[in-house]
Structure formats: structure tokens, C-alpha cells
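One structure below.
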Amino acid sequence: MAWKKGRLEIIYNDARRSWYAHIPVEVEILAKARGSLRASVDLGIVNLATVYAEDGTWYIFKGGSVLSQYEYYSKKISRVQKVLARHHKAL
């Protein structure tokens with residue numbers, strides 16, 4: 097598989113008061129398809145991927161454990177940032 101990374105874009109969302117980073121990636125698949133069916137893929141958070149094929153079959157790849165790890169580390173980061181902010185004010 098060959099890929100090409102795009103330019104990093106950093107965006108600030110005023111409504112959410114949050115920063116977001118986007119890195120577009122182009123992927124060239126070098127593997128040869130074994131059939132003629134096409135499929136659609138929807139990437140998400142709760143379900144990492146939902147795949148629907150032309151023949152009517154579909155697959156769901158659950159992301160519950162990944163989501164819980166994300167929430168765990170987000171809370172941990174938040175706690176550390178609060179400690180650092182308090183320490184910075186004391187200086």
C-alpha cells in the first residue's frame with residue numbers, strides 16, 4: 097500500500113472553544129480486487145467502521161473499548177492540565 101500525507105491544518109472552533117488538527121491522507125491500494133463488488137465505508141467513533149457491500153451484506157466494527165480508552169485518557173489529561181495550571185498560577 098502506498099500513501100501520501102497532506103498538509104497539516106489546525107482549525108479553531110469558536111463555538112466549542114477547541115482546536116482541531118486535520119491531516120488528509122491519500123492511499124493507493126496496490127492489491128488486486130478479487131471480485132467486482134463495491135462497498136461503502138462509514139467511519140465513526142462508537143462504531144469504528146460500518147461497511148455495506150453491493151450484494152446487501154454489511155459489517156459493523158464496534159469501537160466501544162476504543163471509545164472508553166479515549167474517555168479515560170481525556171479525563172486523565174484534563175486532571176494533569178488543571179494541576180499544571182494551578183502550579184503555574186502559584187509561580
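With the sequence shown counted from 1, adding 96 to any position gets you this note's numbering.
Note that the Cβ used here is the ideal one computed from N, Cα and C, for glycine as well.
Q: Would you grab the beta carbon distance between Leu-142 and Gly-159 for me? Rounded to a whole angstrom, and I think it's under 8 Å.
A: Strictly speaking, residue 142 in this sequence is Val, with Leu absent from that position. About 6 Å; that satisfies the 8 Å criterion.
Q: Keeping to the same chain, check which residues put their C-beta closer than 6 Å to that of Ala-127; ignore five residues upstream and five downstream.
A: none
Q | Pairwise C-alpha distance: Leu-104 and Asp-138 | A | 23 Å
Q: Could you tell me which residues DSSP pairs with His-118 in its beta bridges?
A: Bridge partners of His-118: Glu-105.
Q) Between Ile-119 and the rest of its own chain, which residues show a CB-CB distance below 7 Å, the 5 nearest in sequence each way excluded? A) Lys-101, Gly-102 and Leu-104, listed in sequence order.
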